[in-house]
Every structure is written in C-alpha cells, then in structure tokens.
Amino acid sequence: MILVNYAASFFLIALGLYCMAVKKNLIKILIGMGLCDYGTNLLVVSVGFNPGGTAPIFTAGEIHPGMFFVDPVPQALTLTSIVIGACTTAMVLGLIIRIKAKYGTLDSTEIRRLRG
Amino acid sequence: MNMEHYPILAIISLFLGAFLVALFGRLNKVLRNLIVAAAVTIPLCLMIALIAPVMIGGQVIGYWMGNWAPVGPWAIGIGLEVDALSLFFGLVVTIAVFVSGLYSFTYMNRDDSLENYYTLFLMLSGSLLGLVLTGDLFNIFVMIEIMTMTAVALTAFRVDYEGALEGALKYMVVGSIGSTSVLVGIAMLYSQLHTLNMAQIAAALPDHQNLVTVGAFAFLFLGFSTKAFLFPFHPLAADAHAVAPASISLMISGVITKCGVYGIIRLAYILYQNINEPAVSILITGFGAVSCFICVTMAFNQHDFKRLLAFHSISQVGYVITAVGLGTALGLSAGLYHAMNHTLFKGLLFLCAGAVQYATGSLDLGRLGGLAKKMPKTCALFLIGAASISGLPPFNGFFSKWMIYQASFEKGLDTGNFFYIVVCVVCLLSSVLTLASFVKVAQSVFFGQLQPQFENTKEVPLTMRIPMWILAVLCILTGVLPWEVLQKLVGPAAAAALNAAGYIQGMLGSGAAAGAGAQAAFSMEIGFWGPVSWLCLLLIVSCAVCLVAVLGTAEQKSPEERHEMDRRAGRTAAFTRDGFADAGRILKPAEKEGHYRNPVLSGTTLTFTGEKDPKYENFFSGEESEYSQVGGGDLFWGFKTNWRHYFQGMRRWHSGVINDYTRYGIVALAFVLLYACLFL
Amino acid sequence: MNDSRASKPVLAVSLLLILCIGLAAAIRMAGSAPTYDGRSTDVSVLQQDAHAYDDSGADGVAAVMVNENNEKTAADNVVYSVVFNYRGYDTLGESFILIGAIAGTTAILRKKGNKASAAIVGTRGDAGQEPLKVVSYRTDQKSRTKYRRKPVIVKCAADFLLPFATVYGWYIILHGAMSPGGGFQGGVLAAGTVLLVYLAYGLTGIRKVFHSHFLHYSETAAEIVYVCIGLAGIAAGLHFCFNFVFPAGREESAMLMNDAVGYHVMAGISCLLIMMLEALDTDDGSSREEKKS
C-alpha cells in the first residue's frame, strides 16, 4: 500500500506547482509552496517504510522477539525538511507583509516593477 | 593542528562569526567589524594552506563527523570530502567572501540594522563553503536551503530600494521549485540505494540504473540549474542582482551560481559518471549555450547598470556550463578556468557598479555619463573588468574563452556531431555581443557627457578601492600566467572531477571503488598557440583599440556642435543623448517624452506624428513611463531595430510576473524529466 | 503578463508529464525490492546484548545505525540518535536556517526602514513615475470597533493551559532520547505559548510578557553552545560533533545538543511569531478593555 503514499506525494507536488503557476494571490502562491513541501516530506518519510516494521525506539518491555524497525533515517530527514519549510514560510510571509504595505496589493500580476 | 580539521574549521569559523555578530554586533561597531574581518580571513588562510597537499599532492581529505567511520561498506555519518575539485570551488568562495566582506565595511556604512546584514552575510558564506566541501547529499540540500534563505533576505535587505522586496519574493518562490526538486531527487536516490553518502552513491549507481535513478538525475539536475540560474530561471538572477547591495550581487553572481555549477559537475561526473553519454552531454551543453545567448541579448535592452551586469553574469555561467557539458578534459578545464575568471571579473564589475552607486546614487545608464573625469580610478578598474569579461587579451577571459571554443570545436570534430559546432559558433557570437555591450556600458557610464547633477561626484574611498584592486590584480595575474593556473589549480581540479574512483577511495578506502569506472586519463594538451607570441600580438591589438578609444573620446564635441552635426547628418536629434537635451530647449517640457512618438525633423523644429511607434519600445524595460535616453546610451540602435521582433518577444517573455516564471520552471522540469526518461 | 494562448495547454501538459513520470517512478519504487527491509535485524536480540550482535551482514545504513545505536550511544530512540548524533551536523545546519530566518525576517520587517539610506542610494527611475501607494498595516478604525474580543473564557483557558503547555514542551525536549520527541518538536510546542498569550491578552500582553531582544540573544547563545559542544570533539583530538558518552552510560553530549536546540527552537519560533504579530499590529480591543477595567 506504500504506492498510495508515493502517488499522493507526487500528486501533492504537482498540485503545489499548479497553485504556484496559476493562482494570482501571493498567499495562495505561498500555499502552493507549502503543498510542494508537504508532498516532498510525504515522499521522504514513505521511503523509509518497511511493511511490518515498528517505530525505531528501544522501549523497555515493548520489544518482542522477531520485531524489526522501519528505517529511522528518512524520519530524521523529514524533520529537517519540515523545519526548513516552516522557516521558508515565515520568511515569505514577512516579505508579503512588506509587499502589501508597499504595493497595496497581493495580486501577483501587479507586482512587476522589475521586468524586461 | 591536524590538517584534516581545516575544512570544518573554515566552515565553522564563518558560522560562529555570524552568531557572534548577532550577539555582540549591536554593542560596538569596531568589535563587529573585527569579528567579521576575522571570520572572513580565517577560511581563506585555511583554504590556501590546503592547496599544497590537496592540489599538488593529490591527497583527498575524508573527514567523518563525530568519528562515525563507515561500518563495512555503509557510511553512517556525514562526511566532509575535500578533493581538488572541492578545494578549487572552496578557494573561489573564500576569495569572493573575503573581498565582499572588506568591501561591505565602507559600502554598507549608510545602512542601518547592520548586525543583521553581517549575520546573514556570514551565514551565506558559511553555507556556500559547506556546500562545496561536503560529501553528503542531504547535507548539500541543507546548505542550499541556508544559502537560498540568507540570499533572499540579503536581496531584500534595502527594503526601501525600488523593487527589492519583489526581487526577493521572486527569487524565493521560483527558487523553491529548485529546492523541492533537489529533495525529491535525493529521496528517489535514497529509495534505491539507502545511503546518502556521495562516494557510496557513486560506487553503487552504475549497477542500479533504472527509471527511478534516471528521474532522480533529472530532478537533481534541474534543482542545481535553478541554483545556477540557468536558462528558464535567468529572470530571477536579473531581478535579484539588480536590487541587492553590490557586495551581495558579487556573492550571488560570483559564488551562488558557481555552487550550482559545482552541483552539476558532481552530479554528472562523480555521482552518475554519465557525462560521456551523448544525451547527457547534449542536455547540459544545450542548456548552457541557450542561457549564454539569450542572456547576452537580453543585456542589450537594459538600462540599469547592475541588471545589465546580471544578465551578463548568467551568460558567462552559460559558457561555463557549456564547457562542463562537453565532458572532455579540455572542456572541463576550460569550464573551471572560466568559472574562476567569472568570479573575479564579474565581482570586480559589480563592485564598480556599487562604487558608482555609492558615489552618485544612481545606476541608470541613461542618466549617468562622463564619470571618468570624476572617478578615474574606478574607471580604470572598470575597464580592466570589462576587458576581462569581453575576452580581450592579456586579461583572463581571453584564455578561458579560447579554451572553450577549442574544446567545443574539437568535441564536434571528434564526435562528428554538428551540434557542438553550432555551440561553438553561438559562444563566439555571444562573446562578440558581450564586447559590444560593454563598449556601450563604458560609453554611457564613464565617458560621454557629464550630467550637471553629478558635478560634485567624488572618487570612492580607498577602503572600497582596495577590494576592487585585489580582484583586478587577480584578473591580470590569471590572465598573464595561464599555464601556472592551469597546472596548479585548474588541472588538478579537472583531474579530480574525472577521477570518480579516486573520489570513492578517498572516502571509503580502496576496494570500495571496484564498481566505478576506470580513471579517465587526464592530459594537458591545451591550445596550439605559443602563449608569448599570441600575447604580444594581442597586446598590440589591444593597444590599437585603446588608441582608437582615446582618440574617439578626444574628438568629443560640445552639445551645440554635436546637435549641429546631427542635424547636418539628417539624424533626428531625439536619438542622441546630448541632442535630446537640446531638443528639450526646442520642445515644450510637456513633450519631453518625445521618444514615444515619432519625431520628424524638418528645418529646425521637431514635430511629432503622435503615434506610438513600436520600433522604440525595445529601448525601455521596467516602467513604461520611465525616462530613458535613446541616443547616446544606445550605440547599437540599428542592430536592435533590425532585431526588434526578437527583442519584443523577449520583453513579453520576461513579463515580471511570478506565475510566468514559475510556469517556465515547470515546463523546464517536465522537459528535463521527459528527456531523461527517453534518452537515458 | 504573458497572455500567449499556448501557455495554458503547455502548462497542463507539463504538469501531466511530471505527474505521469512521478507515478511511473512511484510504481517502480514501490515494486522494487528495497535494499534495506530491516527484517534481518532482530531488535529484541539487539536490545538484550548489543555488543554480541554481529552487524557484518547489515543490509543498509539503517541496519548499521540501529545496531550501533545500542552499542555506542546512550539513547533509546534511534531517530533521535540519527538527528543529533549520526547526522548532528545536518541538525546544526537546520538550526542555522532558523537563525537565518529570524535575522532575515528582522531585516525585512524592520520598522525604522532605510529612509535615510534610500535617499542617498537613490531609487530607480524617479522621473515621471507615480509615487508608490503606501497602505498601512493597520486595519481601519471601523472594523476595529466592530470586532471586539470576548476574552474571559479565552483568558481563563489560557491561564489554565499555559503552565501545561510549557511543561509539556520541555518534557518533549528533555525526553527526546527515550521517547518520541526531541529539541525541534518540543521547542515548537513550547513556543506555542506565545500564541496562547496572544489569543488571551493581545499584543499588549505579549509585549508585557516576552522580551523579544532577550529571546533573540539567548537563542543565538544557545546556538553558540551547540557549536562549542561540537568543537569540544576537535579540542579532545577527535572529530567535530563527536559524541561523548558520560561514564554512567545514560548520558551523552548529544543530549546537551538536544537541550540547546530545544531552547534555540523555542526562543527562535517565539521570536518569529512575535515579529510577525508586531508587524501586523492588529491589537484589537483587548488593550482597551484592560484600560476600562
């Protein structure tokens, strides 16, 4: 069933790209970036999945013979990636706040003083 | 201290400097500057200390974080791996950081919130150094993210500067496509190989070629080319460069693009080792050649000094990528040499632009002019940079460009593929256009008529000129001593890039590299010319050029005379810079924007047909209403008129809307994915 | 705006291509036998006697990490070990990003602006251009009076929940080595208290309770502590980020890194939130209510 995760992650990435390419509102573009991030995170964390594996923690009394772990590395990578995504979002929000104050609009088609 | 600690100490000294500045920077200005100076000097010294063992001795430094040495074949920790290629880019980074840091002390002294500036600047530097020295794929992603984040913040640092926020937002949003691509590529590789260490991936990949790894190649390639601002992403670079402080423009153009180049080299030469497949070579070379040509033509339309330089910057990176994509030893050496030269001369040009901005407060090519009298030293530095970028002999651009032409032509002859010959011609053509474009810049900034508002312009202080002189001297040195540079720096780096087995062994010990391709023989058969005689000949030619230029400026006429000349020549007065100023006397002030309409000269009066002529639209970018000088600043009016359909198309294409740029990125991603699936 | 007619179909085709190739890769990824499936690592045997366990037949990085975890680290949570121990350098970079985001957001949102320098530096093309329309961050007076918070329930709930939220956040930080959690997760939870205070007391409450400069400085100090723990490895003649397991066997230097990161994330996210809220400056009603009472 891990195929569903993979497919969903690529679908989320495509959806995020669609949002970024088509939506004119800067906040919606930011949401598109977020969707791309979530899709990527889902992909990374799914890569480490083993059917039948348990959480990679040596909890006393919880480990029974024959148990095995899922891959812990992608989980750590996802953690990193989530923090990065959150920081990116904060930064873009800061930019948008200032742009709204300066240009008086959130419409991306009007924010084009640099062109040509 | 042991030499193997040098790379990590270099990275950490930059980051630690950033935190110390954040902590104490607000208290004392002198303390802050001391911390910054120490933080940018230490890595440079450490990198220079590594030249002897790594470049000349051929040693590969493998350094496992936390002593987590590999268990069996599996690399469990993060490793720093410094081979000659990494060190080459490390040197480029540290030199640029050092110069930019020194320049900032004076250049930024009129801004506030400087502790944030230096924190971000040092973090940007640290991430760039960390990126080129690391041996771990996920660590590259982390460093790319720090780099993007801090570069965006620095682009927007002068928040009140026109367009700063907008340029930063575009950089962030469209750049996030690249970051996502890199992470998706890493995840796909991990799903197949279950490791993140680059040496181990390189050892395992040749046995695991399937759809997933090919897709990962496409994603990683697109991610790195986003960071190098290659063809569909070049508008971002133009926007970001134009609005960032000049010291940051140096970093973006000189180093951030180089990190993208470094990523592409690592990807194609070490990780996949597939650069010799014609499909990969054509893909990379094609992207390079297209960026090279489109950006150099885009530069013709610019009237902002730094924006023009930004387009040239991407054009030069296009050269580098073209050469890197050839896959031959000569091509790779040419690419690396040109990458280094580009950092030096483009850094110098950006710093000159910053000096002009510092002294006059303007970067508008239409308004500036005649600054050679007021700022002779900056002018001299600018001419050195312009000669280097245009590939004039004794300067460094000449040799690397020559090598690129030769490499692409040889590759075309060897493979019998007509594509490489076309690439060679495109490179030559772009070089001619670069020269033409810089003649225009020199003419409209430093020569020509001095505008009255800039009468009181003063030369910039010595503290700003010293960093510029460092770069200028390096430009001349690398141009005059090409063989030393080739043997000591570029040659070992190219050899290291072609030696994937050596890279794997350096990290995982011998035996791990059994699966990798045999070491490619590296030869130094570069050029058929006797360098000394060529140098003499070209010196004579350049002297002649200088003579003509000097004579040309000596013949300058006063505005009245020139207007009279124009009139006699039947030219319309509105088309020349000074003539336009005269026209202002004839015209009513309300009609000052006469260039929108169709001026017709009859007798001594100008009349306008009142119709907007599309012929002149080429000359304006940015705001339509913006005042722009068509005449004196535009030497190549005829060329642009003949090509106006192309330029109009380009203008429509660089619309400035985030959605459009994102769309180009998506189309490029789809194209690269499809190409990779079909041909790899 | 690029209005060419072809742009929409081209975009649609590109997105479909990305999706299709992604799906094909997904099927391939799901179908291929994974290099590491962990089945060969019986963790119960490993837990009983880590030193005796033979890891020569390991089938992936993860297997080695799991095997090494019980032997050479003091932590039970393997994800925690990966984050702070095996890949501690990545985590360092990750916390750098947070500092970068804070410094960047501070620079972008700084109120004083750059008016003086902008005048000297000059702006592009000041001739014949309309002045920029400047719109205030503040919501207009009308909507302000219309919307009034009913803070009693929220205040009571916040007063009740604040200590729990803080303690819970720090519990997650400090027990990261033993149970799911760690510096990042706990730090974000603890930083949530800023939002609780904001919901109950508005911006005035935040200004009264939190000292954002202090948060910023102490967060940087926490980061320096992290780097110094890493440098201790070099000072001891070992490599950067070396993990010292203390003699008792249940403590290690990675735990100190975890605590530093926990504080760093808590202070950093709080700082970011406060900066955003200050920039938006939508202090509505609550301060006025306080003045009345």
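Protein chains in written order, with the numbering used here: chain A, 73 to 188; chain B, 1246 to 1925; chain C, 30 to 322. Cβ atoms here follow ideal geometry from the backbone N, Cα and C, with glycine treated the same way.
Can you check whether the C-beta of C:C270 is within less than 8 Å of a C-beta belonging to chain B?
Mapped onto the third sequence, residue 270 of chain C falls at position 241. Closer than 8 Å to some Cβ of chain B, the Cβ of C:C270 qualifies, so yes.
With the cut-off set at 8 Å, would you say B:H1899 and A:G188 are in Cβ contact?
Within the second sequence, numbered from 1, the residue matching residue 1899 of chain B stands at position 654. Within the first sequence, numbered from 1, the residue matching residue 188 of chain A stands at position 116. Result yes, Cβ atoms of B:H1899 and A:G188 sit closer than 8 Å.
Contact between the stretch 1361-1378 of chain B and the stretch 1335-1351 of chain B is defined here as three or more beta-carbon pairs at a separation below 8 Å; is this criterion met?
Counting Cβ pairs under 8 Å, three or more are found: they touch.
Would B:L1594 pass as a contact of B:I1634 if the rule is Cβ separation under 8 Å?
The residue labelled residue 1594 of chain B in the question sits at position 349 within the second sequence. The residue labelled residue 1634 of chain B in the question sits at position 389 within the second sequence. Closer than 8 Å, so yes.
With a 10 Å radius around its C-beta and 16 neighbouring C-beta atoms as the bar for buried, classify A:E182 as buried or exposed.
To locate residue 182 of chain A, count along the first sequence from 1; it is residue 110. Burial call: exposed.
Just grab the DSSP bridge partners of B:G1324 for me.
For the purposes of this step, residue 1324 of chain B is taken as the residue at position 79 of the second sequence. For B:G1324, which the question treats as bridged, DSSP gives the partners B:W1309.
Could you name the residues of chain C that B:S1421 contacts, counting a contact when the two beta carbons are closer than 9 Å?
Position 176 of the second sequence, counted from the start, is the residue given in the question as residue 1421 of chain B. Within 9 Å Cβ-Cβ: nothing; B:S1421 doesn't reach chain C, min ~14 Å.
Going by the beta-carbon positions, is the gap between B:V1377 and B:A1329 smaller than 8 Å?
Taking the first residue of the second sequence as 1, we reach residue 1377 of chain B at position 132. Taking the first residue of the second sequence as 1, we reach residue 1329 of chain B at position 84. Cβ distance not < 8 Å, so B:V1377 and B:A1329 don't count as in contact.
Give a yes or no on whether the C-beta atoms belonging to B:K1656 and B:T1708 are separated by under 8 Å.
Position 411 of the second sequence, counting from 1, holds the residue named residue 1656 of chain B. Position 463 of the second sequence, counting from 1, holds the residue named residue 1708 of chain B. No; because the gap between Cβ atoms is not below 8 Å, this pair is not in contact.
So the candidates are B:V1917, B:A1915 and B:G1894; which of them puts its Cα closest to the Cα of B:N1546?
Here the question's residue 1546 of chain B lines up with position 301 in the second sequence. Looking at the Cα atoms, B:G1894 is the closest of the given residues.
Which of the three DSSP states, helix, strand or coil, is assigned to B:E1729?
Taking the second sequence and counting its residues from 1, one reaches residue 1729 of chain B at position 484. Looking at B:E1729 - three-state DSSP - the assignment turns out to be helix.
Assuming C:V226 contacts C:V217 under a Cβ cut-off of 8 Å, what Cβ separation, rounded to an integer in Å, is found between them?
Taking the third sequence and counting its residues from 1, one reaches residue 226 of chain C at position 197. Taking the third sequence and counting its residues from 1, one reaches residue 217 of chain C at position 188. Wrong, their Cβ atoms sit about 16 Å apart, outside the cutoff.
Looking only at its own chain, which residues have a Cβ that is under 7 Å from the Cβ of B:Y1308, when we skip the five neighbours before and after it?
Along the second sequence, one-based indexing puts residue 1308 of chain B at 63. Result list for B:Y1308: E1249, P1252, I1253, G1324 and L1325, in chain order.
Let me see if you follow: with CB-CB separation under 8 Å, is A:A93 close to chain B or not?
For this step, residue 93 of chain A is matched to residue 21 along the first sequence. Closer than 8 Å to some Cβ of chain B, the Cβ of A:A93 qualifies, so yes.
With distances taken Cα to Cα, identify the nearest neighbour of B:A1447 among B:A1742, B:L1914, B:G1910 and B:A1396.
Locating residue 1447 of chain B in the second sequence gives position 202, where the first residue counts as 1. Of the candidates B:A1742, B:L1914, B:G1910 and B:A1396, the one whose C-alpha sits nearest the C-alpha of B:A1447 is B:A1742.
Can you pull the chain C residues whose beta carbon is under 7 Å from the beta carbon of A:C159, in chain order?
Here residue 159 of chain A is taken as the residue at index 87 of the first sequence, counted from 1. Neighbours of A:C159 on chain C, chain order: I126, L127 and A130.
Provide the residue span of the alpha helix (DSSP H) that contains B:N1521, from first to last.
The residue you call residue 1521 of chain B lines up with position 276 of the second sequence. Run containing B:N1521: none; DSSP gives neither H nor E here.
One question on the structure: do B:A1598 and B:F1550 come within less than 8 Å of each other, judged by their Cβ atoms?
In the second sequence, residue 1598 of chain B corresponds to position 353, counting from 1. In the second sequence, residue 1550 of chain B corresponds to position 305, counting from 1. Going by C-beta atoms, B:A1598 is nearer than 8 Å to B:F1550.
Determine the chain C residues that contact A:Y90 at a beta-carbon separation under 7 Å, and present them in chain order.
Counted from its first residue, the first sequence places residue 90 of chain A at position 18. Near A:Y90 (Cβ distances below 7 Å), the residues of chain C are L44.
Going by DSSP, what residue range makes up the alpha helix (DSSP H) through C:V247?
Taking the third sequence and counting its residues from 1, the one referred to as residue 247 of chain C is at position 218. Strictly speaking, residue 247 of chain C in this sequence is Ser, with Val absent from that position. S241 to A264 is the span of the alpha helix (DSSP H), which, as asked, contains C:S247.
Report yes or no: is there a C-beta of chain B within less than 8 Å of the C-beta of A:V116?
The residue given as residue 116 of chain A occupies position 44 in the first sequence. Judged by the 8 Å Cβ criterion, A:V116 is in contact with chain B.
Find out if the Cβ-Cβ distance for the pair B:S1424, B:E1390 is shorter than 8 Å.
Position 179 of the second sequence, counted from the first residue, corresponds to residue 1424 of chain B. Position 145 of the second sequence, counted from the first residue, corresponds to residue 1390 of chain B. Against a cut-off of 8 Å, the Cβ pair of B:E1390 and B:S1424 comes out as a contact.
Indicate the three-state DSSP secondary structure (helix, strand or coil) for B:T1573 in the structure shown.
The residue you call residue 1573 of chain B lines up with position 328 of the second sequence. In this structure, B:T1573 counts as coil in the three-state DSSP scheme.
Can we say the stretch 259-274 of chain C touches the stretch 1270-1280 of chain B, given the rule of at least three CB pairs closer than 8 Å?
The answer is no - the stretch 1270-1280 of chain B does not touch the stretch 259-274 of chain C, with fewer than three Cβ pairs under 8 Å.
Note down, in chain order, every chain B residue with its Cβ under 7 Å from the Cβ of C:V39.
Taking the third sequence and counting its residues from 1, one reaches residue 39 of chain C at position 10. The contacting residues are V1912.
Give a yes or no on whether the minimum CB-CB distance between C:F239 and chain A is below 8 Å.
Indexing the third sequence from 1 puts residue 239 of chain C at position 210. Judged by the 8 Å Cβ criterion, C:F239 is not in contact with chain A.
Step through the CB atoms of chain A and report whether any lies within less than 8 Å of the CB of B:F1916.
Numbered from 1 along the second sequence, position 671 holds the residue referred to as residue 1916 of chain B. With 8 Å as the cut-off, B:F1916 does not count as an interface residue toward chain A.
Taking 8 Å as the threshold, find out whether the stretch 1303-1321 of chain B comes into contact with the stretch 1258-1272 of chain B through three or more Cβ pairs.
No, the stretch 1303-1321 of chain B is not in contact with the stretch 1258-1272 of chain B.
Using the Cβ count rule (16 or more neighbours within 10 Å means buried), how would you classify B:L1434?
Counting from 1 along the second sequence, the entry for residue 1434 of chain B is found at position 189. Burial call: buried.
Listing by chain order, which chain B residues have their CB less than 7 Å from the CB of C:T135?
Taking the first residue of the third sequence as 1, we reach residue 135 of chain C at position 106. Ordered by position in chain B, the residues that pass the 7 Å Cβ test against C:T135 are N1361.
Considering only DSSP beta bridges, list what B:W1319 is partnered with.
Working through the second sequence from its first residue, we reach residue 1319 of chain B at position 74. BP columns for B:W1319 point to B:V1316.
Counting Cβ pairs closer than 8 Å, one from the stretch 1483-1495 of chain B and one from the stretch 51-62 of chain C, do we hit at least three?
Cβ pair count under 8 Å is below three, so no.
Please classify B:F1466 as buried or exposed, where buried requires at least 16 neighbouring CB atoms within 10 angstroms.
Your numbering for residue 1466 of chain B matches position 221 in the second sequence. Buried.
Is the separation between the beta-carbon of B:K1472 and that of B:A1584 shorter than 8 Å?
Start at 1 with the first residue of the second sequence, and residue 1472 of chain B comes out as number 227. Start at 1 with the first residue of the second sequence, and residue 1584 of chain B comes out as number 339. Result no, Cβ atoms of B:K1472 and B:A1584 do not sit closer than 8 Å.
Give every residue of the same chain whose Cβ lies closer than 6 Å to the Cβ of C:A308, excluding the five residues on either side of it in the sequence, and list them in chain order.
The residue labelled residue 308 of chain C in the question sits at position 279 within the third sequence. L138.
Apart from the five residues on each side of it in sequence, which residues of its chain come closer than 8 Å, Cβ to Cβ, to B:P1706?
Counting from one through the second sequence, the residue named residue 1706 of chain B turns up at place 461. Excluding positions up to five away in sequence, the list reads T1351.
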